Each structure stands twice: as structure tokens, then as C-alpha cells.
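Undergrad: Heads up, the sequence shown is in the working numbering, so the first residue is 215 and it goes up one at a time. Quick reminder that beta carbons are idealized off the backbone N, C-alpha and C, glycines included. As the structure is a prediction and not an experimental result, all values here were calculated from the model. Let me begin by handing over the structure; questions about it come next.
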Amino acid sequence: MRGLAELPVPEEAQDDARVTVYLVTVDYTDDEGGSEQYQVPLSSYDDAQERIAYAFVGSVEGGDGRIRHLYDGAHDRSAMALWLQGFIAAEASGTAQKDGMRFRRVSVPGQELDPGLQSSPLTGEQSNSSVKFDDTAIMKLFRKVSPGVNPDIEIHEVLTRGGSDYVADLYGWIETDLPDGGVLQLAMLQEFLRTASDGFELATGSVRTLLAHLELSVEESGGDFAGEATRLGEALAAVHRMLRDSFPAQGRGEDSTGELAGAMIARLEHARRIVPEIEPYADRLRAAYDAVAALGRLDVQRVHGDLHLGQTLRTSQGWKIVDFEGEPGRPFAERALPDSPWRDVAGMLRSFDYAARVVEMSGTGGDETEAPLRAQRAREWSARARRLFLEGYVAALGAEAGPEQQRGVLLDAYVADKAVYEAVYEKRNRPSWIPIPLAALERIGG
Ligand SMILES: Nc1ncnc2c1ncn2[C@@H]1O[C@H](COP(=O)(O)OP(=O)(O)O)[C@@H](O)[C@H]1O
Ligand SMILES: [Mg+2]
Numbered sequence: 215m216r217g218l219a220e221l222p223v224p225e226e227a228q229d230d231a232r233v234t235v236y237l238v239t240v241d242y243t244d245d246e247g248g249s250e251q252y253q254v255p256l257s258s259y260d261d262a263q264e265r266i267a268y269a270f271v272g273s274v275e276g277g278d279g280r281i282r283h284l285y286d287g288a289h290d291r292s293a294m295a296l297w298l299q300g301f302i303a304a305e306a307s308g309t310a311q312k313d314g315m316r317f318r319r320v321s322v323p324g325q326e327l328d329p330g331l332q333s334s335p336l337t338g339e340q341s342n343s344s345v346k347f348d349d350t351a352i353m354k355l356f357r358k359v360s361p362g363v364n365p366d367i368e369i370h371e372v373l374t375r376g377g378s379d380y381v382a383d384l385y386g387w388i389e390t391d392l393p394d395g396g397v398l399q400l401a402m403l404q405e406f407l408r409t410a411s412d413g414f415e416l417a418t419g420s421v422r423t424l425l426a427h428l429e430l431s432v433e434e435s436g437g438d439f440a441g442e443a444t445r446l447g448e449a450l451a452a453v454h455r456m457l458r459d460s461f462p463a464q465g466r467g468e469d470s471t472g473e474l475a476g477a478m479i480a481r482l483e484h485a486r487r488i489v490p491e492i493e494p495y496a497d498r499l500r501a502a503y504d505a506v507a508a509l510g511r512l513d514v515q516r517v518h519g520d521l522h523l524g525q526t527l528r529t530s531q532g533w534k535i536v537d538f539e540g541e542p543g544r545p546f547a548e549r550a551l552p553d554s555p556w557r558d559v560a561g562m563l564r565s566f567d568y569a570a571r572v573v574e575m576s577g578t579g580g581d582e583t584e585a586p587l588r589a590q591r592a593r594e595w596s597a598r599a600r601r602l603f604l605e606g607y608v609a610a611l612g613a614e615a616g617p618e619q620q621r622g623v624l625l626d627a628y629v630a631d632k633a634v635y636e637a638v639y640e641k642r643n644r645p646s647w648i649p650i651p652l653a654a655l656e657r658i659g660g
């Protein structure tokens, strides 16, 4: 563990808060080996801080022999206030360098930050740690860090500068220079969407309403997601269009579809060994991948890379898409490679299906005889949401969506590839959920 950068007590500080960002390196000793780096900001004080006793990490003896008390910085208002001050210092010129940390500010007219904003950590399940500043801004601290440009910052900057209506504006970010000349990006600050509801919660809520009134049709039950699904498709189309226009287009070689199909077939072969239940679908899946190889040409562009309903928020201003970090676990450079937008579309389609099935499988409401009807209603909800999302997406893109036959082939293959991945995941982690991806595989080429 080593200290990276430190924000010392500013002259005007009320207390002796000091935040140091530590970088923790985790070396793996298993077969795959490798190492990962994690960011841990700690605040330290001469005196114990009762107000954040729950965030106490430990005590250390400083160089001067005095004991310092350490706390999780994300939970410490005084510590986060120092970071907020860094962003405010960067307001005029776009950059402020403070003791090893560089604050970068994207100026959005009318979005000056008030130094009096109070921070509080978000409590939801997430891989990074987010802290909100009243109802004005939200800062995401990247927990796992690696040198280079973080795609979440890069894409949000481009979409914010482009005036996109479908993302939370980027307000700024924090980075630090590494001794070897590289740059580590540590956190990003964004517009806080006050009226946001999580897309997955909304979708499962809609399914729950539908299944609570089995005697009613989708339209009558109040559990209809039609309008939301259509508008979400339109939102993704607009984001894809701006991404395509903003990042340099990169052509894929002649045999790119052959390579893509080859990778999908390899994943299928691997999955068959782990999930024998896939066997009955293997021939049809291979045929779906062969159809991709036969296309011969693949239009690629910058994409989201890890899209599902949990990465969408519905606000009073419409749908917003969040978290452009891409697939965690892959290096930044790989995540920035252009890919097919149909991969994102497939991710959303699988997510609609999960929303429906997860609710359906979470209890029969007490009456076993209702199970078949519940299953049917859930299937209808999923099919309808998927169809309308896709229609909204394609209609918004118009001719840019490409020929119908070609997009059908790509979408089928990406959906199949995703469902194969899910089958392996469920087999290993939640075997009772395997029917969800298997039902999707059943639909491929059927
Ligand atoms: N701009 C925002 N305004 C309000 N809430 C947000 C905003 N961005 C993210 N969130 C909330 O925080 C959660 C995690 O954000 P996300 O960017 O997906 O982080 P992670 O990389 O940890 O998955 C989201 O699911 C959402 O509930
Ligand atoms: Mg996320």
C-alpha cells in the first residue's frame, strides 16, 4: 500500500481533516496470477472523530510520533468537502492542481458548485462508491483503478459536450500523475438526477403489477411498460448516434464477422462442457453464428459495452443511461475498441427478459394453480417490452439501423451469445435460474 496524493489541511479549515488517497495492490497467487490496484481514500485526524465512528479504519503513528486516526474518506463530510473545493478551484480555468491531485472541471453553464454542499455516501449495491453532494452532484469514486483513460469519464465528457439529453452531465473528474508518466483517473463528478428511478426496479415493478392482476390484460392491469420500453429504445438510439459521430469511425477488416462468429462459437463450446442443458440448442446456435460469419461486413462504433436495465434511470426528463465504464475486468484499451451497437441492444433485450422471469419465479403468490398463467403473462410482458424497445430503437435510427436481414442476424447472435454466458453464470451461481437463459436459447432460430 502506498500513498498517492494528499490533500492537507487548508488554511480556512475548521478541523484538521486531511485526505490521503492510498493505492492498494492486490497480487493474485492462483494459476491466473496478475495483480489489481484499488483506490482507498482515507481521512486522518489527531483526535478521534465520534461523528464518523462507524467509518473508523484504524490508528497509525505519524512521522512526528503522533497518533493519527484514520477513516473511510467517502463517509467523511470534511474530507469530501476538500475534494469539492478542488472542483470549485478548477471552475475558472478547467484545471486545478492540488497536492498531487488534478481536478478537472467541465463547465456546464449555470452549474456552478456551491462550497457549502454536504456530502453523503450512496447506500445501494454497486461496484464503485458514490457520494452525493446534496441534490446537486454525485461523485463516483472508482474503486479498482488502472492507468489510462476511464471510459466512463471519456464517454460522459463527449456526450455532455455534445449536449445529449440522455445522460447526466459530467461536471468534472480527478486524476493523478504516476511516477512512470501514466495517469490514474480516480473519480468523476456528475449532475445528480433527483427524480431518477432505477430502470430494473421500474421494470420489475411493472411485472409485479401485471402478475398481481392475472385476470386483467396487460393494458388494463396498469403494468404496461410499452411506452417506457419504446422511449428507452429511442434514448439508446440517440446515444449510439452521438457516440458514432463523436468517436473516430474505425473500419473492421473483411473477415471481422468471421472472427466474431469464431469467438461466439468458442464461447459456446466452452459453455457446453459446463452446462450440458445447452446441448439441444447447440446446432441452432452454431447456425446463428454461421449466419454472422456469412455477413462478411460489420459496422462497429463506440458502444456502452455493459448495458442492462440497471444502467438506466428514468427521470421526469425521460430516460438517462449511466455507467459507461464498459465490461469490468477487461483492460481500458480493449473496452475502448469499437464494437457492434447490437451488442448493447441485445444486453437490454436480455435484461427485459430477466425482469419478467425474476418476478415470475419469485413466488407464485400462494396459489400453485396460477403458475402457468403467471408464466404466460411474464412471457407476454417480456416479449412486448423487447419488441417495443427494438421498434423504438430502429425507428429512431431510420436507415442508419441497417438492412433488416442483417440486423436480425446480428441481434440473434448477440442475444444467443449473452444467454450462453448467462447459462454458465447461473449454472455456477444460481442453478434454479438456468431456465431463464435456456428459454432464450430455445427462441433462437426457432
Ligand atoms: N447521475 C446520477 N444521479 C442519480 N443517481 C445516480 C446517478 N448516476 C448513478 N446513480 C445511481 O448510482 C448507481 C450506481 O451508478 P453506476 O454509475 O452504475 O456505478 P457502478 O459503476 O458502481 O455500477 C446507479 O444504479 C444509480 O442508482
Ligand atoms: Mg453500474
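Can I367 be considered in contact with ligand 1, in the sense that its beta carbon sits closer than 6 Å to one or more heavy atoms?
TA: Locating residue 367 in the sequence shown gives position 153, where the first residue counts as 1. Checking the Cβ of I367 against ligand 1 gives no.
Undergrad: I'd like the list of long-range same chain contacts for Q228, defined as Cβ closer than 6 Å, with 5 residues on each side in sequence excluded.
TA: Here residue 228 is taken as the residue at index 14 of the sequence shown, counted from 1. Confidence in Q228 is poor, its pLDDT being 48 and thus under 50, which makes the residue's placement unreliable; the coordinate value appears in the next sentence. Once the five neighbours on either side are set aside, Q228 has no close Cβ partner at all.
Undergrad: Name the two residues that bound the continuous alpha helix (DSSP H) containing P335.
TA: Translated into the one-based positions of the sequence shown, residue 335 becomes position 121. Careful: P335 lies outside any alpha helix (DSSP H), inside the beta strand (DSSP E) at S333 to P335.
Undergrad: Alpha carbon to alpha carbon, how far is K632 from L403? Give it in angstroms, no decimals.
TA: For this step, residue 403 is matched to residue 189 along the sequence shown. For this step, residue 632 is matched to residue 418 along the sequence shown. Each residue's alpha carbon lies about 31 Å from the other.
Undergrad: Quick one, which of F439, L624 and S321 has its alpha-carbon nearest G472's?
TA: To locate residue 472, count along the sequence shown from 1; it is residue 258. Ranking F439, L624 and S321 by Cα distance to G472 puts L624 first.
Undergrad: Ignore the nearest five residues each way along the sequence and tell me which others in P651's own chain have a CB closer than 7 Å to its CB.
TA: Stepping through the sequence shown from its first residue, residue 651 is reached at position 437. Counting only Cβ-Cβ distances below 7 Å, and skipping sequence neighbours, we find A633, E636, A637 and E640.
Undergrad: Scan the stretch 311–362 and note each continuous beta strand (DSSP E) run of 3 residues or more that stays entirely inside, going in chain order.
TA: Taking only runs of at least 3 residues, the beta strand (DSSP E) segments lying wholly in the stretch 311–362 are 315–319, 333–335, 343–347 and 351–355.
Undergrad: Mind checking G577: buried by the 16 CB within 10 Å criterion, or exposed?
TA: Locating residue 577 in the sequence shown gives position 363, counting from the first residue. Flag for G577 reads exposed.
Undergrad: Should L474 go down as buried or exposed, given a rule of 16 or more other Cβ atoms within 10 Å for buried?
TA: By one-based count along the sequence shown, residue 474 stands at place 260. Looking at its Cβ environment, which holds 16 or more other Cβ atoms inside 10 Å, L474 is buried.
Undergrad: Within the continuous beta strand (DSSP E) that includes F546, where are the two ends?
TA: The count along the sequence shown starts at 1 and reaches residue 546 at position 332. Premise fails: F546 lies in the alpha helix (DSSP H), F546 to R549, not in any beta strand (DSSP E).
Undergrad: Name the two residues that bound the continuous beta strand (DSSP E) containing D241.
TA: Position 27 of the sequence shown holds residue 241. Start and end: R232 to D241.
Undergrad: Say the cut is 6 Å; is the CB of N364 nearer than that to a heavy atom of ligand 1?
TA: One-based indexing of the sequence shown puts residue 364 at position 150. N364: no, Cβ never under 6 Å from ligand 1.
Undergrad: Look up P649 in the DSSP assignment and say whether it is helix, strand or coil.
TA: For this step, residue 649 is matched to residue 435 along the sequence shown. P649: helix per DSSP, three-state reduction.
Undergrad: Count the other CB atoms within 10 Å of the CB of S334; is the residue buried (16 or more) or exposed (fewer)?
TA: Residue 334 sits at position 120 when you count from the first residue of the sequence shown. Its Cβ having fewer than 16 others within 10 Å, S334 is exposed.
Undergrad: Have a look at F317, R487 and Y385 and flag the residue whose alpha-carbon is nearest the alpha-carbon of I369.
TA: Translated into the one-based positions of the sequence shown, residue 369 becomes position 155. Checked all of F317, R487 and Y385; the closest Cα to I369 is Y385.
Undergrad: With respect to 6 Å, is the separation between the Cβ of Q404 and the closest non-hydrogen atom of ligand 4 below this value?
TA: Of the ligands one can find in the structure shown, namely ligand 1 and ligand 2, none is ligand 4.
Undergrad: Please name the residue in S420, E339, E491 and D286 whose C-alpha comes closest to that of P649.
TA: Mapped onto the sequence shown, residue 649 falls at position 435. The shortest Cα separation from P649 among S420, E339, E491 and D286 belongs to E491.
Undergrad: Starting from the C-beta of G338, find all residues in its chain whose C-beta is less than 7 Å away, skip the five residues before and the five after it, and write them out in chain order.
TA: As a first step, residue 338 must be located in the sequence shown, where it is residue number 124. There are no such residues.
Undergrad: Where does S431 sit, in a helix, a strand or coil, going by DSSP?
TA: Taking the sequence shown and counting its residues from 1, the one referred to as residue 431 is at position 217. Coil, per DSSP.
Undergrad: Where does E614 fall in DSSP's three states?
TA: Counted from its first residue, the sequence shown places residue 614 at position 400. Helix.
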